[in-house]
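Report on the structure given below.
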Amino acid sequence: MTGKRTRLEAFQAYLYLSPSALIFLAFTLLPAFYVLYIGLFNWNFLNTSMSKFVGFSNYTALLKSPELWHSLIATFYFVLGSVPVGIFAALFIALLLMRPFRGLGLVRLMFFAPYVTPVVSTSIVWLWLFNPQFGLFNAILHFLHLPQIGWVQSARWAMPSVILYTLWHTMGFNIIIFMAGLTTIPSELGEVARIDGASAWQEFWHVTWPLLTPTTLFVTVINTIGALQAFTQFFTLTNGGPAGSTTTASFLLFQQAFVFYHTGYAAALAVLLFIIIAALTLVQMRVSRSEAY
Amino acid sequence: MKINRKLKTLSAFAAAALALSLTVAGCGTAPNPGTTANSGGPVTISFAETMVSGTQKSALDHLISQFESKHSNIKVTLMPEPNYGVLQQKEVAAVAAKNPPTIGQVYEDWAADFAKSGAIIPLDSYIKGKDGFSPKEIADFVPTIWKDQQLPDGKTWMLPFNKSDFVMYYNADKMKQLNKTAPQTWNDFATAAQAATSGANNSWGLTIDPGTPTAPANGTYLWISVLRSNGGHLYANGKIAFNSAQGVQTMQLFKDLYSAGALKLGSNYPGETALGAQRSLFDMSTVASYPYVLHAVNKKFNLKIAALPSGSAGQGNIMQGTNIAIFSRTTAAQKQAAWQFIKFLTEPQQTAYWAQQTGYLPIRTSALPLMKAYLDSHPYQKIAADSLQYAKAQPPVPGMQQAVGYIGDAITRVLTQKVPVQQALDQAASKAQQALASAQ
Numbered sequence: 001m002t003g004k005r006t007r008l009e010a011f012q013a014y015l016y017l018s019p020s021a022l023i024f025l026a027f028t029l030l031p032a033f034y035v036l037y038i039g040l041f042n043w044n045f046l047n048t049s050m051s052k053f054v055g056f057s058n059y060t061a062l063l064k065s066p067e068l069w070h071s072l073i074a075t076f077y078f079v080l081g082s083v084p085v086g087i088f089a090a091l092f093i094a095l096l097l098m099r100p101f102r103g104l105g106l107v108r109l110m111f112f113a114p115y116v117t118p119v120v121s122t123s124i125v126w127l128w129l130f131n132p133q134f135g136l137f138n139a140i141l142h143f144l145h146l147p148q149i150g151w152v153q154s155a156r157w158a159m160p161s162v163i164l165y166t167l168w169h170t171m172g173f174n175i176i177i178f179m180a181g182l183t184t185i186p187s188e189l190g191e192v193a194r195i196d197g198a199s200a201w202q203e204f205w206h207v208t209w210p211l212l213t214p215t216t217l218f219v220t221v222i223n224t225i226g227a228l229q230a231f232t233q234f235f236t237l238t239n240g241g242p243a244g245s246t247t248t249a250s251f252l253l254f255q256q257a258f259v260f261y262h263t264g265y266a267a268a269l270a271v272l273l274f275i276i277i278a279a280l281t282l283v284q285m286r287v288s289r290s291e292a293y
Numbered sequence: 294m295k296i297n298r299k300l301k302t303l304s305a306f307a308a309a310a311l312a313l314s315l316t317v318a319g320c321g322t323a324p325n326p327g328t329t330a331n332s333g334g335p336v337t338i339s340f341a342e343t344m345v346s347g348t349q350k351s352a353l354d355h356l357i358s359q360f361e362s363k364h365s366n367i368k369v370t371l372m373p374e375p376n377y378g379v380l381q382q383k384e385v386a387a388v389a390a391k392n393p394p395t396i397g398q399v400y401e402d403w404a405a406d407f408a409k410s411g412a413i414i415p416l417d418s419y420i421k422g423k424d425g426f427s428p429k430e431i432a433d434f435v436p437t438i439w440k441d442q443q444l445p446d447g448k449t450w451m452l453p454f455n456k457s458d459f460v461m462y463y464n465a466d467k468m469k470q471l472n473k474t475a476p477q478t479w480n481d482f483a484t485a486a487q488a489a490t491s492g493a494n495n496s497w498g499l500t501i502d503p504g505t506p507t508a509p510a511n512g513t514y515l516w517i518s519v520l521r522s523n524g525g526h527l528y529a530n531g532k533i534a535f536n537s538a539q540g541v542q543t544m545q546l547f548k549d550l551y552s553a554g555a556l557k558l559g560s561n562y563p564g565e566t567a568l569g570a571q572r573s574l575f576d577m578s579t580v581a582s583y584p585y586v587l588h589a590v591n592k593k594f595n596l597k598i599a600a601l602p603s604g605s606a607g608q609g610n611i612m613q614g615t616n617i618a619i620f621s622r623t624t625a626a627q628k629q630a631a632w633q634f635i636k637f638l639t640e641p642q643q644t645a646y647w648a649q650q651t652g653y654l655p656i657r658t659s660a661l662p663l664m665k666a667y668l669d670s671h672p673y674q675k676i677a678a679d680s681l682q683y684a685k686a687q688p689p690v691p692g693m694q695q696a697v698g699y700i701g702d703a704i705t706r707v708l709t710q711k712v713p714v715q716q717a718l719d720q721a722a723s724k725a726q727q728a729l730a731s732a733q
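First to last, the protein sequences are chains A and B.
So in the working numbering, the last one in the first sequence is 293, and the numbering has no gaps at all.
So in the working numbering, the last one in the second sequence is 733, and the numbering has no gaps at all.
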């Protein structure tokens with residue numbers, strides 16, 4: 001009787017899950033496996049019957065090509081430039097925003113607002129801020145009697161410019177998560193530390209920071225994955241240029257697949273990127289497990 | 294009881310969601326309006342295009358209604374796309390889904406890709422057929438434009454639609470102040486651009502967008518025009534050829550101007566903005582961008598237009614704009630109707646009307662007398678039409694768009710990263726050659 005009932009409940013559960021499961025299957029899982037398949041072909045996008053099976057030669061071509069290594073360097077430049085700075089700045093701001101002061105709500109809103117804006121539209125606004133001849137940033141540099149730079153037009157400054165935009169855009173999310181993490185820390189622990197004569201720094205370093213580890217880890221993982229996959233801001237701000245300086249691995253993937261229609265090659269790159277992201281995430285999880293309280 | 298009802302509602306919702314997801318998944322295979330077979334009765338042809346706004350849209354609508362009134366059994370439905378990038382993606386996706394439109398606007402290298410995969414049909418049998426073109430009519434096409442319809446295999450795969458080429462826009466008031474006239478040669482141009490350059494006035498000669506391999510831009514097309522005026526080639530004897538002595542000469546001109554502060558880099562049509570803001574003296578762009586330049590200038594000064602200056606080997610220019618191709622996965626009746634329609638668009642009356650409405654160039658020589666009054670009041674159109682004889686499109690080879698993009702990278706590297714000219718050009722040429730090889 002109960003077995004029947006459980007089975008019925010299970011059946012109903014599967015039934016309710018089926019729409020989203022089906023969507024997930026059709027639009028995420030199946031295409032993912034299809035990518036594995038395409039990666040083994042010299043794929044003809046226009047006429048699939050003209051595709052040729054080439055085994056792993058897309059992978060060997062990819063590993064031999066300087067553009068892959070160049071794009072991975074650009075990717076890690078972006079990750080290292082945006083993730084650690086973004087996390088520490090967000091933590092610092094979150095700590096400040098935890099203290100009550102006048103206009104706190106407004107300031108919180110100010111930091112969070114960029115996150116809810118669409119990347120495409122705000123990056124077009126930033127494109128004008130970055131404009132070397134007519135933009136606000138160079139006007140500020142000029143006003144401060146500092147040398148003006150080419151921002152997104154310069155191979156040297158394009159990546160820092162994209163990082164600056166990305167920090168502005170994602171900061172709000174990180175701050176909110178840190179603030180949520182900070183509220184879960186019982187205030188008694190801080191009080192005890194202060195009674196024992198801990199300075200503000202000691203309290204942060206020995207109480208807050210260790211207890212915040214799960215939050216920090218979550219933010220790190222989410223930000224790293226986000227940065228590894230970042231695409232839209234590169235598409236709108238730099239198109240991978242100038243001179244390839246902002247062609248990250250995910251931009252290269254788009255370029256190869258949907259601009260040059262090197263579909264098989266791009267599929268191989270997608271698989272490689274998947275492996276890299278999965279491996280990095282695994283490492284971060286491992287590190288966390290050994291350090292988390 | 295209550296729970297039961299809730300469950301029922303949920304089940305109904307689940308079923309509805311399931312149905313919805315199936316419909317969504319099925320959407321990709323819904324037939325285009327044009328592909329349903331219509332043998333015997335009226336024929337519908339679909340046209341994938343980007344003429345979605347302003348006079349371009351109204352002029353195309355007008356031509357279609359004229360055509361439909363002459364051919365009562367043919368109906369033309371438009372499949373408008375916002376820009377060429379999206380148009381290409383939609384056409385490629387439609388071909389991949391085995392459900393293409395009947396006809397579509399194509400650039401030469403898209404056509405080369407489509408032809409290679411059998412996605413479009415050669416038009417030679419139609420041209421020679423009873424509804425085709427006489428030798429006299431063929432001779433009436435602007436020769437460079439007629440040649441543009443062929444791929445390297447010698448077959449004609451397209452008919453011309455919206456063609457344009459590069460012209461030089463300049464601030465005539467400023468030119469007068471500098472005591473100069475419109476430059477006739479690139480050396481004159483360099484002198485004028487440097488004369489206009491002043492740190493105190495925050496002014497310079499020209500702003501260009503070199504673009505990237507993902508999206509080649511006007512700076513690269515200008516570079517190709519200068520290269521050709523110096524006697525160089527983008528592509529010769531089946532190989533990339535822009536890293537020649539003429540290529541070096543061309544890049545040196547850009548480098549010297551940049552070092553002198555007379556040339557600046559930007560993105561998003563920066564030439565228009567800088568000319569309009571009275572910062573730069575020139576803008577080099579296609580004649581089709583005239584309305585945009587006019588808007589940027591906004592009557593702040595006297596805007597004038599001249600042909601591109603000439604180089605050591607004469608004039609050089611790059612033909613822009615698209616042609617129309619017929620997709621292969623369509624019925625014979627649709628192909629015949631499509632042929633009649635695209636042929637109709639190229640006839641002198643229609644191309645003259647199209648040119649006067651949109652600012653694109655007339656593609657037939659005999660259209661010029663039909664639009665004499667217009668050319669008298671729009672002298673820049675005559676300048677651009679005359680330049681067509683020097684204008685060649687990007688070579689119609691698969692992968693050429695990507696190959697050309699590396700020129701933009703070379704410009705950026707020479708100008709901003711101090712890479713030696715020959716080295717930058719050689720590296721770009723080798724990447725470009727690879728791009729062509731991998732597109733074969």
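Positions of the beta carbon are idealized from the N, C-alpha and C atoms, including for glycine.
Using a Cβ-Cβ cut-off of 7 Å, state whether residue i counts as contacting chain C.
i                      : result
residue 260 of chain A : Given the protein chain composition of this structure (A and B), no chain C is represented.
Among the options, which one has its Cα closest to the Cα of residue i?
i                      : options                       : result
residue 722 of chain B : B/733, B/704 and B/709        : B/704
residue 524 of chain B : B/542, B/531 and B/655        : B/542
residue 357 of chain B : B/392, B/633 and B/667        : B/633
residue 50 of chain A  : B/345, B/576, B/341 and B/406 : B/406
residue 436 of chain B : B/681, B/668, B/726 and B/336 : B/681
residue 677 of chain B : B/577, B/719, B/534 and B/688 : B/577
residue 341 of chain B : B/353, B/335 and B/444        : B/353
residue 694 of chain B : A/280, A/269, A/273 and A/261 : A/261
residue 580 of chain B : B/540, B/733, B/671 and B/360 : B/671
residue 444 of chain B : B/697, B/729, B/689 and B/710 : B/689
residue 112 of chain A : A/154, A/169 and A/121        : A/169
Confirm, please, whether the CB-CB distance from residue j to residue i is below 7 Å.
i                      : j                      : result
residue 658 of chain B : residue 458 of chain B : no
residue 559 of chain B : residue 500 of chain B : yes
residue 438 of chain B : residue 428 of chain B : no
residue 263 of chain A : residue 33 of chain A  : no
residue 237 of chain A : residue 162 of chain A : yes
residue 175 of chain A : residue 93 of chain A  : yes
residue 295 of chain A : residue 232 of chain A : Not covered by the structure: residue 295 of chain A. The range shown for chain A is 1 to 293.
residue 486 of chain B : residue 389 of chain B : no
residue 420 of chain B : residue 621 of chain B : no
residue 686 of chain B : residue 441 of chain B : yes
I need the boundaries of the beta strand (DSSP E) containing residue i, first residue and last residue.
i                      : result
residue 369 of chain B : 367-373
residue 339 of chain B : 336-342
residue 463 of chain B : 459-464
residue 590 of chain B : From DSSP, residue 590 of chain B is part of no beta strand (DSSP E) but of the alpha helix (DSSP H) over 583-590.
residue 758 of chain B : The structure shown does not extend to residue 758 of chain B, since chain B is modelled only from 294 to 733, so the question has no answer here.
residue 176 of chain A : Unbroken run through residue 176 of chain A is the alpha helix (DSSP H), 158-183; no beta strand (DSSP E).
Go through its chain and collect everything with a Cβ distance to residue i's Cβ below 8 Å, but skip five positions before and after it.
i                      : result
residue 477 of chain B : 602 and 603
residue 20 of chain A  : none
residue 71 of chain A  : 247, 248, 249, 251 and 252
Take residue i and list the residues in its own chain whose beta-carbon comes closer than 7 Å to its own, dropping the five residues that flank it on each side.
i                      : result
residue 181 of chain A : 212 and 215
residue 589 of chain B : 565, 566, 568 and 569
residue 699 of chain B : 506, 721, 724 and 725
residue 150 of chain A : 132 and 157
residue 664 of chain B : 645, 648, 649 and 655
Need the endpoints of the alpha helix (DSSP H) that residue i sits in, please.
i                      : result
residue 431 of chain B : 428-433
residue 88 of chain A  : 66-97
residue 738 of chain B : Chain B is shown only over 294 to 733; residue 738 of chain B falls outside these bounds and no answer can be derived.
Leaving aside the five residues before and after residue i along the sequence, list all residues of the same chain whose C-beta is less than 6 Å from its C-beta, in chain order.
i                      : result
residue 282 of chain A : none
residue 319 of chain B : Residue confidence for residue 319 of chain B is low, a pLDDT of 36 falling below 50, so the modelled location carries little weight and cannot support an answer.
residue 595 of chain B : 465 and 466
residue 129 of chain A : 135, 136 and 137
Nearer than 6 Å: is that true of the beta carbon of residue i relative to any heavy atom of the ligand NAD?
i                      : result
residue 392 of chain B : This structure lacks the ligand NAD; in fact it carries no ligand of any kind.
* Length at least 4, wholly inside the segment 16-46 of chain A: the alpha helix (DSSP H) runs in chain order -> Here the runs fully enclosed are 30-38.
* In chain order, each alpha helix (DSSP H) run of at least 4 residues that lies wholly inside the segment 239-281 of chain A -> Complete alpha helix (DSSP H) runs here, min 4: 249-254.
* To do: Would you mind listing the alpha helix (DSSP H) stretches within the segment 456-530 of chain B that are 4+ residues and don't spill past its ends, in chain order?
  => Listed in chain order, the complete alpha helix (DSSP H) runs (minimum 4 residues) inside the segment 456-530 of chain B are 465-470, 479-488 and 511-522.
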